[in-house]
Amino acid sequence: MKVLANDGLDQSGIDALTEKGFEVITTKVPQELLLDYINEHKIRTVLVRSATQVRKDIIDNCPSLEIIGRGGVGMDNIDVDYAREKGIHVINTPSASSESVAELVFAHLFSGARFLQDSNRKMPLVGDTQFASLKKAYAAGIELKGKTIGIVGMGRIGQEVAKIALGLGMRVIAADNMVGKASIKVTFYNNQFINVEIETEPLEQVLKHADFITLHVPAQKNGYMIGKPEFDMMKDGVAIVNCSRGGVIDEAALIEALDSGKVRFAGLDVFINEPTPSKDIITHSKISVTPHTGASTLEAQDRIGLSLAEQISSILQVH
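Next up, the structure:
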């Protein structure tokens, strides 16, 4: 009854599985040794985040494997369909981290709107000698209230972004080929709530009309979703945030748009060449950057661990 949490697992999940009689192993096994490790230890469940790949070679050659679990939403590092064809359960936690990612989107938006990504670099260096000039340089910030946010991808995370945006007094527009209309319930601390219907529209319309654009789409198989033609469609002074997958935005086109002033600022949590992102991207003064931490909050990790434990116990019928 061994579970290998190769990319780590929150203590709440470990405790829940242990209580059900599972042995949880959190040793980080290198990718090239993973197949042999699973067979040697007769691992029945492998849990991963975004680092470990579970491909055809492991699926074909690890007869003890019954469950592959992904702590998070996207499963592009797992050969999902092939595993299911072979009778292996593939599970994930699609809603556990939605709020965390949505809040990071606004962390990037607020940072860029008030130059925090640049002022936090420069204040420690020259704030004591160039305070007045820095104050002047960062005096042209903007507010989010009253502006239009364009959400590309109205799944769980996109809808959480919409809730926060509505709470801030923003106009919300959205594009999603799979969702025609989303009903957004914004709940307040005192249990009052409002319902807002948002009808999606073509991507081009969102790009043309949004002051801020946030991307919540899967990894792209063919080219970039946002490249130079898409930047050209956008408003002058637009801002864009990507907390979905690296490769959704053409990073060279983004730098060009930032340098020309077409794009006011960007926020990136994901990059084309993870874990070695472009130096030009991560040092750009108009880009707020985080190292793929969208789902990495204590609350989200707790929910992910408990959700995985519940699903594993249910599938293997451990009570």
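Each residue of the sequence shown is one higher than the one before, counting from 0 in numbering that gives the first Met the number 0.
Note that CB positions come from ideal geometry on N, CA and C, so glycine has one too.
DSSP three-state call for residue i: helix, strand or coil?
i      : result
ALA252 : helix
LYS1   : strand
GLU11  : In the sequence as displayed, the identity of residue 11 is Ser instead of Glu. Residue state, collapsed to three classes: helix.
ASN119 : helix
ARG302 : helix
ILE271 : coil
HIS88  : strand
GLY211 : Correcting the residue identity first, residue 211 is Phe in this sequence and not Gly. Strand.
THR44  : strand
LYS27  : coil
LYS180 : strand
PHE109 : helix
PHE335 : Nothing in the structure corresponds to residue 335, since the chain is present only between 0 and 318.
ALA238 : strand
GLY168 : coil
PHE21  : coil
PHE130 : helix
SER287 : strand
ARG54  : coil
VAL160 : helix
ARG155 : helix
GLU198 : strand
ILE321 : Residue 321 is absent from the model: the chain starts at 0 and stops at 318.
ILE280 : helix
HIS318 : Note that HIS318 scores a pLDDT of 42, beneath 50, so its modelled location is shaky; the value from the coordinates is reported in the next line. Reduced to three states, the DSSP call for HIS318 is coil.
LEU103 : helix
GLU142 : coil
LYS259 : Checking the sequence shown, residue 259 turns out to be Ser, not Lys. In this structure, SER259 counts as helix in the three-state DSSP scheme.
TYR36  : helix
ASP59  : helix
SER313 : helix
Measuring straight from C-alpha to C-alpha, what distance separates residue i and residue j?
i      : j      : result
VAL72  : GLY168 : 28 Å
ASN91  : PHE264 : 33 Å
GLY152 : ARG54  : 27 Å
ALA139 : ALA112 : 9 Å
PHE192 : SER182 : 12 Å
LEU16  : ALA308 : 6 Å
PRO276 : TYR223 : 17 Å
HIS208 : HIS40  : 55 Å
ALA252 : VAL262 : 10 Å
VAL79  : PRO217 : 14 Å
ALA95  : VAL45  : 19 Å
ASN176 : PRO201 : 8 Å
SER97  : GLY70  : 12 Å
GLY7   : GLN300 : 10 Å
GLY246 : THR26  : 30 Å
SER284 : GLY12  : 39 Å
LEU3   : HIS215 : 29 Å
ILE280 : GLY304 : 33 Å
MET233 : PHE211 : 10 Å
SER287 : LEU315 : 43 Å
GLN30  : LYS278 : 26 Å
SER163 : SER118 : According to the sequence displayed, residue 163 carries Ile and not Ser. Using only the alpha carbons, I get a separation of about 25 Å.
GLY126 : SER312 : 55 Å
HIS318 : ALA294 : Legend: pLDDT at HIS318 = 42, less than 50; position of this residue unreliable, no value from coordinates given.
SER99  : GLU298 : 8 Å
ASN190 : THR147 : 27 Å
THR282 : GLN310 : 41 Å
Would you call residue i buried or exposed, if buried means 16 or more other Cβ atoms sit within 10 Å of its Cβ?
i      : result
ASN241 : buried
ASN60  : exposed
GLU159 : buried
SER110 : buried
GLN10  : exposed
LEU257 : buried
ASP35  : exposed
GLU250 : buried
VAL195 : exposed
GLY166 : exposed
Taking a contact to mean a Cβ-Cβ separation below 9 Å, would you say residue i touches residue j in this structure?
i      : j      : result
HIS291 : SER49  : yes
THR213 : VAL47  : no
MET0   : ARG43  : yes
ASP268 : THR296 : no
GLY266 : ALA136 : no
ILE156 : SER243 : yes
ILE172 : ILE197 : yes
GLN52  : ILE77  : yes
LEU115 : LEU143 : no
Is any heavy atom in the ligand GTP found nearer than 8 Å to the beta carbon of residue i?
i      : result
GLU298 : As presented, the structure is devoid of all ligands, the ligand GTP included, so that no description of it is given.
Among all the DSSP beta bridges, which residues are the ones paired with residue i?
i      : result
PHE192 : THR186
ARG69  : VAL47 and ASN91
PHE264 : ALA238
GLY149 : ILE172 and ILE212
ILE225 : ILE248
Less than 9 Å between CB atoms is the rule here; does residue i satisfy it with respect to chain C?
i     : result
LYS85 : Protein chains in the displayed structure number just one, and chain C is not present.
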